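**Student:** Sequential numbering from 4 applies to the sequence shown in this note's numbering.
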Amino acid sequence: MQKTRQPEAPALSQWQQARKGFRWDSVMAELDGLPGGGLNIAHEAVDRHASGALADHVALRWLGRDRTVLEFSYCALSEASNRFANVLAGLGVQPGERVFSLAGRLPELYFAALGSLKHRAVFCPLFAAFGPEPIVQRLQRGGGRVLVTTMRLYRRKVAALRAQLPELKTVLLIDAEQDASADILALRPLLAQASQSYTIGPTDPEDPALLHFTSGTTGMPKGAVHVHQAVLMHRATGSWVLGLQPGDVYWCTADPGWVTGTSYGIIAPFVHGVTNVVDEAEFDAERWYQILAEQRVQVWYTAPTAIRMLMRCGIHPLERFDLSQLRLVLSVGEPLNPEAILWAREALGQPILDTWWQTETGGIAISNLPQLPLRPGSMGQPLPGIEAAILRREEDGSVQELATGEEGELALRRGWPSQFRAYLHEPERTARCFSGDWYLTGDQARIDADGYVWFVGRADDIIKTAGHMVGPFEVESALMEHPAVAEAAVVGLPDPLIGQLVKAYCVLARGHDPDHRLERAILGFARKRLGSAVAPKRLEFVKGLPKTRSGKILRRLLKARELGLPEGDTSTLEEEAS
Ligand code: 6R9
């Protein structure tokens with residue numbers, strides 16, 4: 004039955020009113036600030052609760068791959084992160100220096116994140132499924148001073164390239180019993196010896212706190228710098244969108260190697276004093292439903308790829324699992340298919356609320372909300388403090404605001420607390436995202452008459468595969484290091500499960516013949532360097548690549564050809580080599 008629009012009006016208009024009267028000061032009033040003035044994320048997330056009513060409440064419930072369960076109260080988490088901050092102090096790490104992590108979801112990763120923030124170092128989490136190349140790239144660009152990792156990951160992914168990392172002074176191995184050398188140290192003994200008390204130094208709300216790498220369309224990854232003030236956004240969205248209350252059980256399935264796993268897998272839940280469930284293992288439908296039921300998860304933040312995998316696995320959860328505690332299911336990272344929402348109504352007993360944001364926004368900017376009518380397929384409404392518009396970039400660099408319903412680039416008016424402050428060392432690239440007061444997101448979208456935002460696609464060549472961002476240039480560069488590859492172009496092709504699949508087109512160097520053996524060898528080569536999260540899944544040999552007269556590869560043309568779509572404007576196309 005077609006839903007009439009009347010009942011939506013009151014909720015919507017109330018919401019629009021609430022948005023109008025909103026001021027960020029009101030969120031600051033919900034936080035403490037440091038005792039001596041200033042604002043530090045880790046104080047708001049942990050220490051504040053550790054000295055209050057939630058001190059003994061479980062902050063982190065860690066589920067090991069082998070089903071071990073470890074619990075850390077707010078008090079214990081505060082002490083463990085203090086110990087880590089003291090380890091950094093002992094190593095002579097200065098405020099503003101970068102501490103990287105490369106690890107699975109182990110408790111120490113969470114101690115390191117919070118301890119780094121306490122020490123006012125800049126924390127930069129990397130995804131453990133990256134290969135050596137993306138890891139070293141990011142460590143170099145970010146000038147990593149300390150790396151927190153495991154023995155296996157260090158040996159397999161970093162050790163051989165260590166000479167390329169002169170700024171990396173210390174490696175802390177989470178699972179080592181003993182130091183391996185003067186600068187490769189065993190972390191657990193260091194934590195055990197360190198003091199459990201630490202006083203957070205003066206932290207300006209504008210001091211850098213986090214560095215998250217995100218992919219660009221043309222160059223190597225960009226390091227988005229976030230500041231301590233971002234915690235206002237995590238606090239606000241934790242209430243508005245996730246509806247978190249102290250004592251709730253909450254589970255965010257994202258890995259801290261990606262922005263969701265930090266903003267909503269570490270900061271927002273702790274700031275709200277909830278029990279944050281962390282599962283060490285990878286996706287497994289049966290296990291996930293068990294976790295939801297056994298842990299009595301109330302708020303669950305996950306991703307469309309995971310939801311599609313659940314849809315396929317053939318389990319009818321409500322027949323076998325008690326999900327009666329589950330209050331809210333949300334997703335982020337890629338378009339959420341309307342069918343997934345219909346499925347969830349049946350299978351989980353409630354819809355899924357889609358949320359939209361980016362590494363650059365630092366927190367949820369547009370979202371569906373429980374109190375607002377859901378329009379499946381829409382990403383929802385801009386949140387209070389966020390003004391969204393659809394713009395068109397003109398040739399001269401200026402922008403024009405488009406009318407309601409028109410498709411263009413999604414832009415947000417600058418000024419929300421968790422907005423990235425810059426791409427590290429790249430002022431020009433930073434400047435290119437802004438026009439006057441507008442931050443241009445790189446996403447194509449439209450906004451309907453009631454303010455709902457609808458995602459159309461990316462305005463650039465960035466690929467989202469299984470919810471993870473992949474920059475084609477980074478993959479092309481790695482492919483071209485193979486001696487048989489003369490040129491490479493990489494695109495994302497639609498995939499029903501993982502959203503987009505990374506496909507490479509390669510032109511072979513003279514003297515190499517295209518055959519399956521070479522195809523497998525090149526794919527294997529790429530996987531070894533880039534890791535499974537980034538490497539292409541498919542490869543096709545081509546005689547030449549379509550390029551503009553200035554030599555830029557026309558990836559969109561390759562994609563259009565592959566999909567049998569119109570080729571669009573090809574007036575700048577140079578002849579393809581043959
Ligand atoms: C949090 C995160 C950001 C890009 C973004 C857009 C895509 C995110 C989406 C969505 C459709 C949604 N994206 N949420 N597309 N619907 N609800 O994912 O950050 O990795 O930086 O990716 O992801 O293209 O611009 P990040």
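No residue lacks a Cβ here, since even glycine has one placed at the ideal position from N, Cα and C. It should be emphasised that the depicted structure is a prediction, and the values quoted were computed from it without experimental measurement.
Between which residues of its own chain and T7 is the CB-CB distance below 7 Å, once the five residues before and five after are set aside?
**Tutor:** Position 4 of the sequence shown, counted from the first residue, corresponds to residue 7. Below a pLDDT of 50, predicted positions are generally treated as unreliable, and T7, at 42, falls in that range; the measurement from the model is reported next regardless. Nothing listed; no residue qualifies.
**Student:** Quick one: Cα of D251 to Cα of V300, how far?
**Tutor:** Your numbering for residue 251 matches position 248 in the sequence shown. Your numbering for residue 300 matches position 297 in the sequence shown. The alpha-carbon atoms of D251 and V300 are separated by roughly 8 Å.
**Student:** Along the chain, where does the beta strand (DSSP E) containing N279 start, and where does it finish?
**Tutor:** Taking the sequence shown and counting its residues from 1, the one referred to as residue 279 is at position 276. Run containing N279: 278-282, per the beta strand (DSSP E) assignment.
**Student:** With DSSP run on the structure shown, which of helix, strand or coil describes P430?
**Tutor:** Against the sequence shown, residue 430 aligns to sequence position 427. Helix at P430.
**Student:** For M472, is the beta carbon positioned less than 7 Å from some heavy atom of the ligand 6R9?
**Tutor:** Working through the sequence shown from its first residue, we reach residue 472 at position 469. Flag set: Cβ of M472 near the ligand 6R9.
**Student:** Could you pull out every residue in the same chain whose Cβ sits closer than 8 Å to the Cβ of K225, ignoring the five residues on either side in sequence?
**Tutor:** For the purposes of this step, residue 225 is taken as residue 222 along the sequence shown, with counting starting at 1. Same-chain partners within the cutoff: F216, T217, S218, G219, Y426, L427, E429, R432.
**Student:** Check whether the region 235-247 touches the region 146-154, taking contact to mean three or more Cβ pairs, one atom from each stretch, closer than 8 Å.
**Tutor:** No, the region 235-247 does not touch the region 146-154.
**Student:** Below 6 Å CB to CB, which residues in the same chain sit around G470 once its five sequence neighbours on both sides are set aside?
**Tutor:** For this step, residue 470 is matched to residue 467 along the sequence shown. Cβ neighbours of G470 beyond the five flanking positions: A306, T308, G336, E337.
**Student:** Which of the three DSSP states, helix, strand or coil, is assigned to S574?
**Tutor:** The residue labelled residue 574 in the question sits at position 571 within the sequence shown. Coil, per DSSP.
**Student:** Secondary structure at L313, three-state DSSP: helix, strand or coil?
**Tutor:** Position 310 of the sequence shown holds residue 313. L313 falls in the helix class under three-state DSSP.
**Student:** Please confirm whether any heavy atom of the ligand 6R9 lies closer than 7 Å to the CB of P128.
**Tutor:** As a working note, residue 128 is residue 125 in the sequence shown. P128: no, Cβ never under 7 Å from the ligand 6R9.
**Student:** Determine the burial state of H46: buried for a count of at least 16 other Cβ atoms within 10 Å of its Cβ, exposed for fewer.
**Tutor:** In the sequence shown, counting from the first residue as 1, residue 46 sits at position 43. By the 10 Å Cβ count, H46 comes out buried.
**Student:** Helix, strand or coil for K540? Go by DSSP, reduced to three states.
**Tutor:** To locate residue 540, count along the sequence shown from 1; it is residue 537. Note: K540 maps to coil in three-state DSSP.
**Student:** Could you compute how far the alpha carbon of S581 sits from the alpha carbon of L557?
**Tutor:** Counting from one through the sequence shown, the residue named residue 581 turns up at place 578. Counting from one through the sequence shown, the residue named residue 557 turns up at place 554. For S581, the pLDDT reaches just 45, beneath the cut-off of 50, and the residue's location in the model is therefore unreliable, leaving the point undetermined.
**Student:** Please find out if some non-hydrogen atom of the ligand 6R9 comes closer than 7 Å to the beta-carbon of M314.
**Tutor:** What you label residue 314 is simply residue 311 of the sequence shown in a count that begins at 1. M314 Cβ: outside cutoff for every heavy atom of the ligand 6R9.
**Student:** Mind pulling the beta strand (DSSP E) runs of 3 or more residues that sit fully within the region 54-134?
**Tutor:** Runs found: 61-66, 72-76, 101-105, 125-129.
**Student:** What do you reckon, is the C-beta of Q361 under 7 Å from a heavy atom of the ligand 6R9?
**Tutor:** Translated into positions along the sequence shown, residue 361 becomes position 358. Indeed, a heavy atom of the ligand 6R9 lies less than 7 Å from the Cβ.
**Student:** Would a C-beta distance cut-off of 8 Å place D446 and L415 closer than the cut-off?
**Tutor:** As a position in the sequence shown, residue 446 is number 443, starting the count at 1. As a position in the sequence shown, residue 415 is number 412, starting the count at 1. No; because the gap between Cβ atoms is not below 8 Å, this pair is not in contact.
**Student:** Does the distance between the C-beta of K467 and the nearest non-hydrogen atom of the ligand 6R9 fall short of 7 Å?
**Tutor:** Residue mapping note: residue 467 aligns to position 464 of the sequence shown, counting from 1. Under cutoff, so the answer is yes.
**Student:** So what's T220 in DSSP terms, helix, strand or just coil?
**Tutor:** In the sequence shown, residue 220 corresponds to position 217, counting from 1. T220: coil per DSSP, three-state reduction.
**Student:** Identify, in the order they occur along the chain, each residue of the same chain with its Cβ nearer than 6 Å to the Cβ of L356, setting aside the five sequence neighbours on each side.
**Tutor:** Position 353 of the sequence shown, counted from the start, is the residue given in the question as residue 356. Correct list, in chain order: L333, N371.
**Student:** Please confirm whether any heavy atom of the ligand 6R9 lies closer than 7 Å to the CB of M236.
**Tutor:** Taking the first residue of the sequence shown as 1, we reach residue 236 at position 233. Checking the Cβ of M236 against the ligand 6R9 gives no.
**Student:** In the DSSP assignment, find the beta strand (DSSP E) that holds A492 and state where it starts and stops.
**Tutor:** Residue numbering aside, residue 492 sits at position 489 when the sequence shown is read from its first letter. Looking at the DSSP string, the run of the beta strand (DSSP E) that includes A492 is 488-498.
**Student:** Give the range of the alpha helix (DSSP H) segment to which I525 is assigned.
**Tutor:** Locating residue 525 in the sequence shown gives position 522, where the first residue counts as 1. Where I525 is concerned, the enclosing alpha helix (DSSP H) stretches over 519-533.
**Student:** Would you call H231 buried or exposed, if buried means 16 or more other Cβ atoms sit within 10 Å of its Cβ?
**Tutor:** Here residue 231 refers to the residue found at position 228 of the sequence shown. Buried, since its Cβ has 16 or more Cβ neighbours within 10 Å.
**Student:** Measuring straight from C-alpha to C-alpha, what distance separates L500 and F476?
**Tutor:** On the sequence shown, residue 500 is found 497 positions in, with the first residue counted as 1. On the sequence shown, residue 476 is found 473 positions in, with the first residue counted as 1. If I take the Cα positions, the gap works out to 24 Å.
**Student:** Is the Cβ-Cβ distance between L109 and L142 less than 8 Å?
**Tutor:** Taking the first residue of the sequence shown as 1, we reach residue 109 at position 106. Taking the first residue of the sequence shown as 1, we reach residue 142 at position 139. Against a cut-off of 8 Å, the Cβ pair of L142 and L109 comes out as no contact.
**Student:** Distance check for A227 and K467, CA to CA, integer angstroms please.
**Tutor:** In the sequence shown, the residue the question calls residue 467 occupies position 464. In the sequence shown, the residue the question calls residue 227 occupies position 224. Each residue's Cα considered, the two are about 18 Å apart.
**Student:** Looking at the ligand 6R9, does it come within less than 7 Å of D282, judged from the CB to the closest heavy atom?
**Tutor:** On the sequence shown, residue 282 is found 279 positions in, with the first residue counted as 1. Checking the Cβ of D282 against the ligand 6R9 gives no.
**Student:** Just the C-alpha distance for L164 and E136, rounded to the nearest angstrom, thanks.
**Tutor:** As a first step, residue 164 must be located in the sequence shown, where it is residue number 161. As a first step, residue 136 must be located in the sequence shown, where it is residue number 133. Cα to Cα, the separation comes out at about 9 Å.
**Student:** So, I44 versus A212, is the Cβ gap smaller than 8 Å?
**Tutor:** Taking the first residue of the sequence shown as 1, we reach residue 44 at position 41. Taking the first residue of the sequence shown as 1, we reach residue 212 at position 209. Yes, the Cβ-Cβ distance between I44 and A212 is below 8 Å.
**Student:** Any chance the CB of D178 is under 7 Å from a heavy atom of the ligand 6R9?
**Tutor:** Position 175 of the sequence shown, counted from the first residue, corresponds to residue 178. Not under cutoff, so the answer is no.
**Student:** Would DSSP call F437 helix, strand or coil?
**Tutor:** Within the sequence shown, numbered from 1, the residue matching residue 437 stands at position 434. Three-state DSSP puts F437 in a strand.
**Student:** To the nearest whole angstrom, what separates the beta carbons of G388 and H229, a pair I think is in contact under 8 Å?
**Tutor:** Counted from its first residue, the sequence shown places residue 388 at position 385. Counted from its first residue, the sequence shown places residue 229 at position 226. At roughly 16 Å, the Cβ-Cβ gap does not stay under 8 Å, so G388 and H229 are not in contact.
**Student:** Among residues of its own chain, excluding the 5 on either side of H52, which ones have a beta-carbon nearer than 6 Å to its beta-carbon?
**Tutor:** For this step, residue 52 is matched to residue 49 along the sequence shown. Result list for H52: Y77, G276, in chain order.
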